[in-house]
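A.B. asks:
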Amino acid sequence: GKWGRIAAQQALTQDQLLQFDSFGNVCLMHITDIHAQLKPIYFREPSINIGVGANKGAVPHITGAEFRKMYGIDDGSYAHYALSSGDFEALARGYGRVGGLDRVATVINQIRSERPDALLLDGGDTWHGSYTCYHTQGQDMVDVMNTLKPDAMTFHWEFTLGSDRVNEIVEGLPFAALGQNIFDAEWDEPAELFPPYKFFERGGVKIAVIGQAFPYMPIANPGWMFPEYAFGIRDEHMQEIVDQVRAKGAELVVCLSHNGFDVDKKMAGIVSGIDVILSGHTHDALPEPVLVGDTIIVASGSNGKFVSRVDLDVRDGRMMGFRHKLIPVLSDVIAPDPDVAAVIDSVRAPYEETLAEVIGQTDSLLYRRGNFNGTWDDLICDALISERDADIALSPGVRWGPSLLPGQDITREDIWNVTSMSYGAAYRTEMTGEFLHVVLEDVADNLFNPDPYYQQGGDMVRTGGLGYRIDITQPQGSRITDMVLLKTGEKIDPARIYQVAGWASVNEGTQGPPIWDVVESHIRKQGRVSVAPNTSVEVVGA
Amino acid sequence: MAKGVKPRVKVPKTAAAGDIITIKTLISHKMESGQRKDDDGNVIPRSIINRFTCDFNGENVVDVTLEPAISTNPYLEFEALVPEAGEFTFTWYDDDGSVYDTSKKIAIE
Amino acid sequence: MGSGAILAAGLPLRAWAVGEEAIAAFTGGAPVGEGDITLTAPEIAENGNTVPIEVSSGSASEIMVLALGNPTPSVATFKFGKLAGSRAASTRIRLAGTQDVVAIAKLEDGSFVQAKATVKVTIGGCGG
Ligand SMILES: [Mn+2]
Ligand SMILES: [Mn+2]
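Protein chains in written order, with my numbering: chain A, 256 to 797; chain B, 553 to 661; chain C, -18 to 109.
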């Protein structure tokens, strides 16, 4: 490709990637949304990420060349590769894989060598997303993360391990499990296991770290798996906690958040007194913090691809200035930390043979991120239609899951990386055309409601065998029109019943084979897979 | 009497005279709305807690009428003025005629 | 993403009528203004079967709550006694779909005021 040679010529070094002029008296490190990716992977950032309402045209809703122009990122540079879309395949071949928690460990250790009292904060979605995480119920991630010695963590997908398992792990965690918005559902009182905040004294500064777990846990994920807990944004309670820690002498207030970026922006405008929001959930990677009033919001990407470093000057109880860097973890440039690599190897050892089994090959780039579709989801939808004998397939618009380059083998591990979850039954059910419309409208409003507090993060449900037109400027109920059954070209009839296959239902008792088996069986039959460009969704009003 | 109905309340053990305290109550009850049908298509008869009262030393705090739209295991939270030491009594009235009650003493600090 | 049931957005006219009747019975036909009543409810219900709501007023003697989008709109009526510490109460309610919840307060001066909150009940699924 056209960038491959340039990339090779750049001869990046670890020192260059980690170069940072130390600043101030406080240092924060942020990692988030690792989704159990212990090993280096490829991860393509989205080429479409539409913003609505006040966030139309604002980061993170800017992608590709426009994004690079905004931040002065050179075409073909490592920042282009890591942070934006476009020429992904060529750049991936030039710059190599990203992430790997042994490389993340090297970054953290390097920062700690300069700033021994730096805080390491994990934004959650850590104990979810791989074969080994599923089969160890998160223990692989707990063991490896413990070697990184985080100071605090907050939560989202962790709860899909079920509350018994979450409670068990959290009771043994050697660091703080924070969530000011994690409540006991029965009495509507803060859940004792998850304190709202923790104080740290670093560089002579009293720092309060407040946790904000994913607010919509029982909506976006199966609430029946953790019925003891209630969540919500609870910005009034957040304000009470900020006031409380300030009254107790906090000079710096950090919110470790899993709200998602636009929700964090709105919350920062409502709650006063937060200096730094370390933002997770929507998987955005931004090279500079976004300022809302006096609050800076830092977005640190996903899948182990980045570490954010934020140095702060805190004096007289105030944040006087900051210096920030979003460090891309290019795994061919950053050396693995041998101790952490050994722990990763040992947690994976019992499963290595199963993980490595080659199921097929891909001729297409397989990726997930994008508002309406991704080639991985197209492939999963194809598998659902063919293996479950359905007219239409529905696949959830999650944002986790690494990419594969054309020509790569598809291993069992790769399939699990994009499907692993504790409620992965591939259901087959009958839906009327009218109900399908209700489903699409419902999900579209989660994404395109102009009020961020109605946005749960994630993307549009992916459809297979079904095309539609979406006008994102319309209200719920009027966005989706022209629904078409692709195999016949007929309009979807509201009264007709269609055979629909899908996975990741939040309903208890959903029946069906695990999605990873469905996808594996489909790929095995294909041998080599190739995914045609998807033109089934017409987008209006972006 | 419906089975397994168990009232629970949270009341501070002490308060200063004239304090306003928060009271939380829960009662385990299926709150059958009368709108659901069983597998044979027959309407499952309504069976709910239809009234709740809280009194303190014989004076009323709240008196609540509950309809079928109240969730399973009805939860009620409210505030009470505590003029003196005494006893709160809580009473739930079931459609089937059953009455469940419990009480909590509060001392003055 | 659900294969489970969700009520369609359309609301039978009868339910509206029942809601109007319940309001008329409560107010005796008096006009309902805005003012000393607050209704707090989540933007999105975590679970449509148990949606937390709070009503609060400075001077209400009674507050009635209605879910106008439910087949039966009546939810609860709170009467505050002599020892009520405030004219506020919280409970959890069932909502059959996205709709307005309404609280109508009868104030001590005999007037009526109301507040509304829209609660979204969603099928759920998906996420980042
Ligand atoms: Mn995530
Ligand atoms: Mn998340």
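Each residue gets a CB set at the ideal place from its N, CA and C atoms; glycine is no exception.
Quick one: complete alpha helix (DSSP H) runs, 4+ long, within the stretch 308 to 340 of chain A?
C.D. replies: If we require 4 residues or more, the alpha helix (DSSP H) runs fully inside the stretch 308 to 340 of chain A come out as 319 to 326 and 333 to 338.
A.B. asks: Anything in chain C within Cβ reach of B/Phe642, meaning under 8 Å, just list it in chain order.
C.D. replies: Here residue 642 of chain B corresponds to residue number 90 of the second sequence, with the count starting at 1. Result: empty, since nearest Cβ-Cβ is about 13 Å, beyond 8 Å.
A.B. asks: Label A/Val531 either buried or exposed according to how many other C-beta atoms from any shown protein chain fall within 10 Å of its C-beta, with 16 as the threshold for buried.
C.D. replies: Residue 531 of chain A sits at position 276 when you count from the first residue of the first sequence. Burial call: buried.
A.B. asks: Starting from B/Asn612, follow the beta strand (DSSP E) in both directions and report where the run begins and ends.
C.D. replies: Translated into the one-based positions of the second sequence, residue 612 of chain B becomes position 60. B/Asn612 -> beta strand (DSSP E) spans Glu611 to Leu618.
A.B. asks: With a Cβ-Cβ cutoff of 7 Å, do A/Val562 and A/Val362 count as a contact?
C.D. replies: As a position in the first sequence, residue 562 of chain A is number 307, starting the count at 1. As a position in the first sequence, residue 362 of chain A is number 107, starting the count at 1. Their beta carbons are under 7 Å apart, which means A/Val562 touches A/Val362 by this criterion.
A.B. asks: Would you mind giving the Cβ-Cβ distance between C/Lys101 and C/Thr79, rounded to the nearest angstrom? I have them listed as a contact below 8 Å.
C.D. replies: Residue numbering aside, residue 101 of chain C sits at position 120 when the third sequence is read from its first letter. Residue numbering aside, residue 79 of chain C sits at position 98 when the third sequence is read from its first letter. The Cβ separation is near 5 Å, so the contact holds.
A.B. asks: With contact counted as at least three CB pairs below 8 Å, one residue from each stretch, are the stretch 498 to 511 of chain A and the stretch 458 to 471 of chain A in contact?
C.D. replies: Flag = yes, the stretch 498 to 511 of chain A and the stretch 458 to 471 of chain A touch.
A.B. asks: Three-state secondary structure (DSSP) at A/Ser418?
C.D. replies: Your numbering for residue 418 of chain A matches position 163 in the first sequence. Helix.
A.B. asks: Taking the alpha helix (DSSP H) that A/Met715 falls in, what are its first and last residues?
C.D. replies: Looking up residue 715 of chain A in the first sequence gives position 460. Per DSSP, A/Met715 belongs to no alpha helix (DSSP H) and is neither H nor E.
A.B. asks: Have a look at C/Leu(-8) and A/Glu775 and give me their C-alpha separation to the nearest angstrom.
C.D. replies: Locating residue -8 of chain C in the third sequence gives position 11, where the first residue counts as 1. Locating residue 775 of chain A in the first sequence gives position 520, where the first residue counts as 1. Here the model assigns C/Leu(-8) a pLDDT of 47, short of 50, so the residue's position is not dependable, and the following value carries that caveat. Using only the alpha carbons, I get a separation of about 44 Å.
A.B. asks: Strictly under 7 Å for the Cβ-Cβ distance: is B/Asp653 near chain C by that measure?
C.D. replies: Within the second sequence, numbered from 1, the residue matching residue 653 of chain B stands at position 101. Judged by the 7 Å Cβ criterion, B/Asp653 is not in contact with chain C.
A.B. asks: What residue does the alpha helix (DSSP H) around A/Gly524 start on, and which one ends it?
C.D. replies: Here residue 524 of chain A is taken as the residue at index 269 of the first sequence, counted from 1. Phe516 to Ile525 is the span of the alpha helix (DSSP H), which, as asked, contains A/Gly524.
A.B. asks: C/Gly105 versus chain A: which residues are under 7 Å apart at the beta carbon?
C.D. replies: Sequence index remark: in the third sequence, residue 105 of chain C carries index 124 (1-based). What C/Gly105 touches in chain A: Ile474, Ala475 and Val761.
A.B. asks: Where DSSP assigns a beta bridge to C/Met156, which residues make up the other side?
C.D. replies: Chain C is shown from -18 up to 109; residue 156 of chain C falls before or after that span and cannot be answered.
A.B. asks: Do you know offhand how far A/Tyr336's Cα is from A/Leu740's?
C.D. replies: Taking the first residue of the first sequence as position 1, residue 336 of chain A is located at position 81. Taking the first residue of the first sequence as position 1, residue 740 of chain A is located at position 485. Their backbone Cα atoms lie some 37 Å apart in a straight line.
A.B. asks: In three-state DSSP terms, what is A/His579?
C.D. replies: Translated into positions along the first sequence, residue 579 of chain A becomes position 324. A/His579 falls in the strand class under three-state DSSP.
A.B. asks: Looking at the secondary structure, which residues open and close the beta strand (DSSP E) in which A/Lys780 lies?
C.D. replies: Taking the first residue of the first sequence as position 1, residue 780 of chain A is located at position 525. That residue, A/Lys780, is in no beta strand (DSSP E); its alpha helix (DSSP H) goes Ile770 to Gln781.
A.B. asks: Excluding the 5 residues flanking A/Asn280 on each side, which residues of the same chain have their C-beta closer than 7 Å to its C-beta?
C.D. replies: Looking up residue 280 of chain A in the first sequence gives position 25. If we look at A/Asn280 and ignore the five residues flanking it on each side, its Cβ neighbours are Gly458, Gly459, Val460, Asp568 and Val569.
A.B. asks: Would you mind working out which of B/Val557, B/Ile573 and B/Lys558 sits nearest B/Glu636, comparing C-alpha positions?
C.D. replies: For the purposes of this step, residue 636 of chain B is identified with residue 84 of the second sequence, where counting begins at 1. The shortest C-alpha separation from B/Glu636 is found at B/Ile573.
A.B. asks: At a threshold of 6 Å, does A/His383 count as lining ligand 2 (C-beta to nearest heavy atom)?
C.D. replies: Position 128 of the first sequence, counted from the first residue, corresponds to residue 383 of chain A. A/His383: no, Cβ never under 6 Å from ligand 2.
A.B. asks: With DSSP run on the structure shown, which of helix, strand or coil describes A/Asp669?
C.D. replies: Locating residue 669 of chain A in the first sequence gives position 414, where the first residue counts as 1. Note: A/Asp669 maps to helix in three-state DSSP.
A.B. asks: How is A/Gln494 classed by DSSP in three states: helix, strand or coil?
C.D. replies: Here residue 494 of chain A is taken as the residue at index 239 of the first sequence, counted from 1. Looking at A/Gln494 - three-state DSSP - the assignment turns out to be helix.
A.B. asks: So that I know if they touch, is there some Cβ in chain B lying closer than 7 Å to that of C/Ile44?
C.D. replies: Locating residue 44 of chain C in the third sequence gives position 63, where the first residue counts as 1. So, not an interface residue.
A.B. asks: So, for A/Ile614: in the same chain, excluding its five sequence neighbours on each side, which residues have a beta-carbon less than 7 Å away from its beta-carbon?
C.D. replies: Within the first sequence, residue 614 of chain A is the residue found at index 359, counting from 1. For A/Ile614, where only same-chain residues beyond five positions count, the Cβ hits under 7 Å are Ile665, Thr666, Arg667, Ile670, Glu775, Ile778 and Arg779.
A.B. asks: How is B/His581 classed by DSSP in three states: helix, strand or coil?
C.D. replies: Within the second sequence, the letter at position 29 stands for residue 581 of chain B. Reduced to three states, the DSSP call for B/His581 is coil.
A.B. asks: Measuring only from the beta carbon, is A/Asp288 closer than 6 Å to any heavy atom that is part of ligand 1?
C.D. replies: Indexing the first sequence from 1 puts residue 288 of chain A at position 33. Because some heavy atom of ligand 1 lies under 6 Å away, the Cβ of A/Asp288 counts as near it: yes.
A.B. asks: Do A/His513 and A/Thr409 have their C-beta atoms within less than 7 Å of each other?
C.D. replies: Here residue 513 of chain A refers to the residue found at position 258 of the first sequence. Here residue 409 of chain A refers to the residue found at position 154 of the first sequence. Yes; because the gap between Cβ atoms is below 7 Å, this pair is in contact.
A.B. asks: Looking only at its own chain, which residues have a Cβ that is under 7 Å from the Cβ of C/Pro54, when we skip the five neighbours before and after it?
C.D. replies: Counting from one through the third sequence, the residue named residue 54 of chain C turns up at place 73. Excluding positions up to five away in sequence, the list reads Ala(-4), Val(-1), Gly0, Ala3, Leu47 and Ala48.
A.B. asks: Given a threshold of 16 other Cβ atoms within 10 Å of its Cβ, counted over all protein chains shown, does A/Val359 qualify as buried or as exposed?
C.D. replies: On the first sequence, residue 359 of chain A is found 104 positions in, with the first residue counted as 1. That one is buried.
A.B. asks: Output yes if chain A places a C-beta closer than 7 Å to the C-beta of C/Asn51; else output no.
C.D. replies: The count along the third sequence starts at 1 and reaches residue 51 of chain C at position 70. C/Asn51 does not count as touching chain A.
A.B. asks: Determine whether the Cβ of B/Ala568 lies closer than 7 Å to any Cβ atom of chain C.
C.D. replies: Translated into the one-based positions of the second sequence, residue 568 of chain B becomes position 16. No, its Cβ sits nowhere closer than 7 Å to a Cβ of chain C.
A.B. asks: Please list, in chain order, the chain A residues whose beta carbon lies closer than 8 Å to that of C/Glu27.
C.D. replies: As a working mapping, residue 27 of chain C is identified with position 46 in the third sequence. Near C/Glu27 (Cβ distances below 8 Å), the residues of chain A are Tyr471, Met472, Pro473, Ile474, Gly478, Ala485, Phe486 and Gly487.
A.B. asks: Note down, in chain order, each residue of its chain lying with its Cβ closer than 6 Å to the Cβ of C/Met45, except the 5 sequence neighbours on either side.
C.D. replies: By one-based count along the third sequence, residue 45 of chain C stands at place 64. These residues qualify, in order along the chain: Phe7, Thr58 and Ile85.
A.B. asks: Quick check: is any heavy atom of ligand 1 less than 6 Å from the C-beta of A/Asp380?
C.D. replies: To locate residue 380 of chain A, count along the first sequence from 1; it is residue 125. Yes, the beta carbon of A/Asp380 sits closer than 6 Å to at least one heavy atom of ligand 1.
A.B. asks: Closer than 7 Å, CB to CB, is A/Gly256 near chain B or not?
C.D. replies: Counted from its first residue, the first sequence places residue 256 of chain A at position 1. Annotation note: pLDDT 49 at A/Gly256 (below 50); position unreliable, coordinate value reported separately. No, because no Cβ of chain B sits closer than 7 Å to the Cβ of A/Gly256.
A.B. asks: Determine the closest residue to C/Arg68 out of C/Ile18, C/Gly10 and C/Gly14, with distance taken between C-alpha atoms.
C.D. replies: For the purposes of this step, residue 68 of chain C is taken as the residue at position 87 of the third sequence. The residue with the shortest Cα to Cα distance from C/Arg68 is C/Ile18.
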